[in-house]
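J.:
There are 4 protein chains.
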Amino acid sequence: MATIEVRPDGYNYVFSSHLEPKARVKQGDDVFIYTDDAAESRIQSKTDYPKKVLSTVKFLNPQTGPIYVEGAEPGDTLAVSIKGIEYTRDFAFSAFAEFFGGLSSDPLTPLLQDPLPEHVWIWKLVDDGAAFYEEELDIKIPSRPFLGTFAVAPDLEAISSLAPGPFGGNMDVPDVRPGNTIYLPVFNPGALFFTGDCHGSQGQGELCGFALEITAKSHLVFNVIKGKSIDQPRIESPDKIMCVGSARPMEDAARMANCELIKWMVADYGFTWGEAYELLTQVGGLYVGNMVDTFYSLVASVEKKYLKRCGLKK
Amino acid sequence: MATIEVRPDGYNYVFSSHLEPKARVKQGDDVFIYTDDAAESRIQSKTDYPKKVLSTVKFLNPQTGPIYVEGAEPGDTLAVSIKGIEYTRDFAFSAFAEFFGGLSSDPLTPLLQDPLPEHVWIWKLVDDGAAFYEEELDIKIPSRPFLGTFAVAPDLEAISSLAPGPFGGNMDVPDVRPGNTIYLPVFNPGALFFTGDCHGSQGQGELCGFALEITAKSHLVFNVIKGKSIDQPRIESPDKIMCVGSARPMEDAARMANCELIKWMVADYGFTWGEAYELLTQVGGLYVGNMVDTFYSLVASVEKKYLKRCGLKK
Amino acid sequence: MATIEVRPDGYNYVFSSHLEPKARVKQGDDVFIYTDDAAESRIQSKTDYPKKVLSTVKFLNPQTGPIYVEGAEPGDTLAVSIKGIEYTRDFAFSAFAEFFGGLSSDPLTPLLQDPLPEHVWIWKLVDDGAAFYEEELDIKIPSRPFLGTFAVAPDLEAISSLAPGPFGGNMDVPDVRPGNTIYLPVFNPGALFFTGDCHGSQGQGELCGFALEITAKSHLVFNVIKGKSIDQPRIESPDKIMCVGSARPMEDAARMANCELIKWMVADYGFTWGEAYELLTQVGGLYVGNMVDTFYSLVASVEKKYLKRCGLKK
Amino acid sequence: MATIEVRPDGYNYVFSSHLEPKARVKQGDDVFIYTDDAAESRIQSKTDYPKKVLSTVKFLNPQTGPIYVEGAEPGDTLAVSIKGIEYTRDFAFSAFAEFFGGLSSDPLTPLLQDPLPEHVWIWKLVDDGAAFYEEELDIKIPSRPFLGTFAVAPDLEAISSLAPGPFGGNMDVPDVRPGNTIYLPVFNPGALFFTGDCHGSQGQGELCGFALEITAKSHLVFNVIKGKSIDQPRIESPDKIMCVGSARPMEDAARMANCELIKWMVADYGFTWGEAYELLTQVGGLYVGNMVDTFYSLVASVEKKYLKRCGLKK
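Top line first, the protein sequences correspond to chains Z, P, W and L. Under my numbering, the first residue of the first sequence is numbered 162, with each subsequent residue one higher. Under my numbering, the first residue of the second sequence is numbered 162, with each subsequent residue one higher. Under my numbering, the first residue of the third sequence is numbered 162, with each subsequent residue one higher. Under my numbering, the first residue of the fourth sequence is numbered 162, with each subsequent residue one higher.
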């Protein structure tokens, strides 16, 4: 198994099969990927207002990739284990931008009201990297890094790096974090993996639209599950299985995530659809990953301990 | 402080100010309330199919109440502490009913497809009441009781006990559980409190629409916060504050819950709206209580430990 | 057939079966009903801003009714023919109110942005009542009166007069106009009819939330279709049949309206559901009545001329 | 002005700037474009069930294009006048496909219910091309052709030809018909125009998802409005101006269409936003183009006669 470092010489802003691979990796390789923040490092201080520093920028959310994974073919599933995430600078930013965010009108929910005022928040890494502190707020919160964007190239289409979908993408789901494995459907030879948008922390919903945006170096290991096809992104942690649905309105994302989770329980855990539907009713989890992106991402989950039969049946 | 038992001689199916109070209680009284299950105990075995046993029934979700709380006046807030919930029988039911549930079309999302097949699940209380076991599934899950319906009478209207709203109602939010205090706006003299629909366990979303439906005796204590007015139901646990938004589509429930939580942080915790919006972005919680009722209920939350300033500001 | 005039001595603000009938009428009677405008005549000039004149008012959209229709029983359908609408004053108002309207955030879609500025528009009746003219706009539009609110009392519940639903209510659908017959399901003895909220004109969607609000005297004739039960309001014009669905999100209202229209075509016009689904795909109508009320109302329609078979089948 | 015929030697299934132009045209040229039907002519008889004939097909909705329009630059607006549409065969098909259509669950609104049964409808062109007749239905309806898909290449992305959006696309809006001019924003040099998916007739909503699908030859004339930038597709008929919003949920499409129409009235007709908002409230139109595609398309409109001031202001 090789160790491979992917330092991008330029970023991409679409998930597409028409881009030149930035690297080629084998299954099991230790791959270290450098990613820029969602605003391409243009916001560094409280006065770097989004309108000022981003108005000349055509695209946001720069992606490192595509990375070609040897052996991946359409119809397979790509399994990506996140071994670790290190920050590559000592602060994260968050911001309120005009006509953006979960409690603002925006181009997808346009209204006639004036925008909210812009504001920039600078969260400094403190306590030897264990926490972030924002001085204006005078509040400290734990560091909990994850990758906001995690994708493969879709089939034929080239999709904006701001969008989540069946290919993964800009899901902004905090469970895409170290210790977990993310499963994505493969649509193209080599899978063509992209990542970016590291968050130092994020609440469920990513309310204002900018979490703790930070640059990072992530350690990933890729594997390919041959001949296994999935419909939506899946996540496995040591104690849970989870599925992501990305759609609008939000109830469609909830339906999508739960239908995919039922399919998983049926295919791999010996459930009928009815048994799975019943069990999720009683012990399933369902949280909002983001309520700010072009599609909302919801995560349906179940703890693995409930997927085992007791053996008490007469 | 008196001890008062409310054993209903009949149930109500609307939250309304026009109903005769079943009991009058004082603030601080220990009130023990008996509640029937959501199907009024008509489903007791695997062959009690909903269509058969509920087709002659006009209304579902029987409520115990109204309970008149002395001293509550319009514009106040009712604080209800849940001291405990005891089951009053040894099993809970769940069921798949035709054209009902989060992964089925229903009268509010009507489609032309045939209904899902009916099914009844009987979950027996085992392990000295610590768990439920369903034999067909051969699966055991922990007992985690809460009250699915928790309401005051609205202003002027009489609302079906199947509906959640600003008055509380059929929220199906698992945090309405022992150890927590629920805050509801008061619209009428005496607040006129209703409860019912105890669940022995429920996943986030209440996917098939019937959680572990069970009869119960709940221990509640009522208090009135004079002159304080809230817009949506609020919940306080030892370590979190939470707000419930009930609406369709689901994103409107998410907006409602988060706006209410920001108002709470501004009014009681010394935040500006911008500070609250930013903090929730990084550490807020947002889960789906139900995705099956007449309105979806979402819960926005934040841990109290994050609501304190560090005192590090220069 | 008698002639009956209903001049209310007070208004109601809920559709409810617990209210005393204001009048009792027989089928076929000529009933003339006086209605106030949606703001109870409190807005009469450009400076009667909603916040100022409505802030002391607890309820909006005053209703005349209930009117008891002899012979109507639960399970029947009430058919109401609108013979004519006369205005009872010489102007209508429209207004922008804070946090209200289709292009503003509101309590059901709450956001953090400031409200739009208030504004009042006074439309004078001109051209012998054939048109309305607004001087600030310097624009004249034709008079096209209809009744925004048209309801029966629901079953058990008491619903705000601001809400539309299966019982009719505040649908704000321009086809509730002279020349048409509106069908409503009967839930209570006497049907218990309510109306109000006359509009001198209204675009599809009722965009800002206040159409041409005006007082009126309407001529209605009631009939009862015994033993026929419908699920949603229906409208018949000389050349079309139409169904109203009221729901959020808007696609659920569209599904509801079309499903009801298919049921109608199957029950009364000899179609299978598949034939009806196909025909509506090619020639159905689907417009937005309101996008501002507590539920959106959409109208699905088909021209009667398409409901006849050609007789060309071999 | 030249006459140019575009007979595609192969179709495209994405709107993309990376495809080789099929033709280059000048402003004012008479361009005649041949298009296949949405199922690429695979459904020709009642037994060509979608699952059977489309299961081996990877992409649907074949597009003719891109067509490079000389002089169009990013930031301009492309104005396309539809001079005429001729059918190139004597029948249209419609069909019910599994998990597709406005009254069925589908991959974007997934549920657990079984699919609706498949069915194919063959509508023969009769009465010298003035009408379509379906023998099983024994119903005849008028021929009213329009182009379901009408697009320019978006910026950077490559979007499935099944999707509508700001670039136009698969809007399925019946007003994209002969006699009208359609305005689209230009994102790339040459605009890169695509069209396809001719419908011989379609109701509002395109309920089952397949309108009268037919092959056609359309006569278009392109013009470029230099330096004028629009946000959503616009349509001009002899007596109306209209804007299309494509989004989910449907209310967001309604907001988008109306906001764009207000911008148009402000920019070109001398209205303030408040005047436009008020006028649309009273006389605006708002219908559903499609309720079946990846985004719903709604059309907001106003008659030109209302856009003129009376000159009566004192």
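The C-beta atom is built at its ideal place from N, Cα and C for all residues, glycine as well. All values derive from a computational prediction rather than experimental measurement.
1. Is DSSP giving L:Gly435 helix, strand or coil here?
2. Z:Tyr430 lies in the beta strand (DSSP E); which residues open and close that run?
3. Identify the continuous alpha helix (DSSP H) that holds Z:Lys212 and give its terminal residues.
4. Verify the CB distance criterion: does L:Arg416 have a CB-CB separation below 7 angstroms to chain Z?
5. Pull up the CB-CB distance for L:Lys244 and L:Leu381, whole angstroms please, since I reckon it's below 8 angstroms.
6. Roughly how many angstroms lie between the CA atoms of P:Gly370 and P:Ala408, to the nearest whole one?
7. Would you mind working out which of P:Ser398, P:Leu298, P:Pro325, P:Ile402 sits nearest Z:Thr433, comparing C-alpha positions?
8. If I measure Cβ to Cβ from W:Phe456 and keep anything under 6 angstroms in the same chain, skipping five residues before and after, which residues do I get?
9. Are at least three pairs of beta-carbons, each pair with one atom in the stretch 435 to 445 of chain L and one in the stretch 284 to 302 of chain W, less than 8 angstroms apart?
10. Whose C-alpha, out of P:Gln365, P:Phe355, P:Ser322, is nearest the C-alpha of P:Pro335?
11. Taking 7 angstroms as the threshold (beta carbon to beta carbon), is Z:Arg470 in contact with chain P?
12. Per DSSP, which residues does W:Arg395 bridge with? Please list them.
13. List the residues of chain W whose Cβ lies closer than 7 angstroms to the Cβ of L:Pro410, in chain order.
14. Would you kindly work out how many angstroms separate the C-alpha atoms of Z:Val241 and P:Ser266, rounded to a whole number?
15. Closest to Z:Tyr229 by CA distance: which of Z:Cys471, Z:Arg185, Z:Tyr210, Z:Pro315 is it?
16. Taking the beta carbon of P:Thr196 as the centre, do at least 16 other beta carbons fall within 10 Å, making it buried, or is it exposed?
17. Would P:Leu353 be called buried (16 or more neighbouring beta carbons within 10 Å of its own) or exposed?
18. Please list the residues of the stretch 437 to 467 of chain W that have a C-beta atom closer than 7 angstroms to any C-beta atom in chain L, keeping them in chain order.
19. At which residues does the beta strand (DSSP E) containing L:Ser379 begin and terminate?
20. If I measure Cβ to Cβ from L:Val427 and keep anything under 8 angstroms in the same chain, skipping five residues before and after, which residues do I get?
21. With distances taken Cα to Cα, identify the nearest neighbour of W:Lys465 among W:Pro278, W:His179, W:Ile402.
22. Tell me, please, whether the CB atom of W:Ser321 is closer than 7 angstroms to any CB atom in chain P?
23. Here's the rule: buried if 16 or more other CB atoms are within 10 angstroms of the residue's CB, otherwise exposed. What is P:Met417?
24. List, in order along the chain, the chain L residues whose C-beta lies closer than 8 angstroms to that of Z:Tyr174?
25. Z:Val186 by DSSP, collapsed to three states: which one?
26. Give me the residue from P:Thr356, P:Ser390, P:Asp429 with the minimum Cα distance to P:Gly226.
27. Whole angstroms are fine: how far does the CA of L:Asp191 sit from the CA of W:Glu259?
28. Quick one: which unbroken alpha helix (DSSP H) runs of 4-plus residues sit fully inside the stretch 191 to 262 of chain W? Chain order, please.
29. Closer than 7 angstroms, Cβ to any Cβ of chain P: which residues of the stretch 249 to 272 of chain L, in chain order?
30. Cutting at 6 angstroms between CB atoms, please list the residues of its own chain near Z:Lys387, excluding the five before and the five after it.
31. Count the other CB atoms within 10 Å of the CB of W:Val163; is the residue buried (16 or more) or exposed (fewer)?
32. Answer with yes or no whether the minimum CB distance from L:Gln205 to chain W is below 7 angstroms.
33. Less than 6 angstroms between C-beta atoms, sequence neighbours within five positions excluded: which residues of the same chain meet that for W:Met411?
34. Tell me which residues share the same chain as Z:Glu247 and place their Cβ nearer than 6 angstroms to its Cβ, disregarding the 5 neighbours each side in the sequence.
35. Output, in chain order, the set of chain Z residues within a Cβ distance shorter than 7 angstroms of P:Ser487.
36. By DSSP, does P:Leu441 sit in helix, in strand, or in coil?
T.: On the basis of the coordinates in this document:
1. In the displayed model, L:Gly435 falls within a helix according to three-state DSSP.
2. That residue, Z:Tyr430, is in no beta strand (DSSP E); its alpha helix (DSSP H) goes 411 to 430.
3. If you look at Z:Lys212, you'll find it in the alpha helix (DSSP H) that goes 211 to 215.
4. Proximity of L:Arg416 to chain Z, defined by a Cβ-Cβ separation below 7 angstroms, is satisfied.
5. Indeed, because the Cβ distance is near 7 angstroms, the residues count as touching under 8 angstroms.
6. For P:Gly370 and P:Ala408, the gap between their C-alpha atoms comes out near 17 angstroms.
7. Checking every option, the nearest Cα to that of Z:Thr433 belongs to P:Leu298.
8. Counting only residues of its own chain and dropping the five nearest sequence neighbours on each side, W:Phe456 has a CB closer than 6 angstroms to the CB of Pro325, Ser407, Ala408, Arg409.
9. Using a Cβ-Cβ distance cut-off of 8 angstroms, the stretch 435 to 445 of chain L and the stretch 284 to 302 of chain W are in contact, since at least three pairs of beta carbons, one from each stretch, lie closer than that value.
10. When only C-alpha atoms are compared, the closest one is P:Gln365.
11. Residue contact check for Z:Arg470 against chain P: a CB pair falls below 7 angstroms.
12. Beta-bridge pairing links W:Arg395 to W:Tyr344, W:Cys404.
13. At a beta-carbon threshold of 7 angstroms, the residues of chain W lying near L:Pro410 are Pro410, Met411, Glu412, ordered along the chain.
14. Rounded to whole angstroms, Z:Val241 and P:Ser266 show a C-alpha spacing of 35 angstroms.
15. Looking only at Z:Cys471, Z:Arg185, Z:Tyr210, Z:Pro315, the smallest Cα-Cα distance to Z:Tyr229 is reached by Z:Arg185.
16. Of the other Cβ atoms in all chains shown, 16 or more fall within 10 Å of the Cβ of P:Thr196; this residue is therefore buried.
17. Label assigned to P:Leu353: buried.
18. Those would be Tyr438, Glu439, Leu440, Leu441, Thr442, Gln443, Val444, Gly445, Gly446, Leu447, Tyr448, Val449, Met452, Tyr457, Tyr467, in chain order.
19. Counting along the chain, the beta strand (DSSP E) containing L:Ser379 begins and ends at 377 to 386.
20. If the five residues before and after L:Val427 are omitted, its C-beta is found closer than 8 angstroms to the C-beta atoms of Thr433, Trp434, Ala437, all from its own chain and listed in chain order.
21. Closest by C-alpha distance to W:Lys465, out of W:Pro278, W:His179, W:Ile402, is W:Ile402.
22. Output row for W:Ser321: interface = yes.
23. Burial call: buried.
24. For Z:Tyr174, the residues of chain L that pass the 8 angstroms Cβ criterion are Leu317, in the order they occur in the chain.
25. Secondary structure of Z:Val186 (DSSP, three-state): strand.
26. Closest option to P:Gly226, judged by alpha-carbon separation, among P:Thr356, P:Ser390, P:Asp429: P:Thr356.
27. L:Asp191 has its alpha-carbon roughly 51 angstroms from the corresponding atom of W:Glu259.
28. Fully enclosed alpha helix (DSSP H) runs of 4 or longer: 211 to 215.
29. Listed by position along the chain: Leu264, Ser265, Ser266, Leu272.
30. Result list for Z:Lys387: Asp237, in chain order.
31. Per the sequence presented here, residue 163 of chain W reads as Ala, with Val not at that position. Exposed, by the Cβ-count rule.
32. Under the Cβ distance rule, L:Gln205 does not count among the residues neighbouring chain W, no pair being separated by less than 7 angstroms.
33. For W:Met411, same chain residues with a beta-carbon under 6 angstroms away, outside a window of 5 residues either side, are Tyr457 in chain order.
34. The residues are Lys378.
35. Nothing about residue 487 of chain P can be read from this structure; chain P reaches only from 162 to 475.
36. In the three-state reduction of the DSSP assignment, P:Leu441 falls in the helix class.
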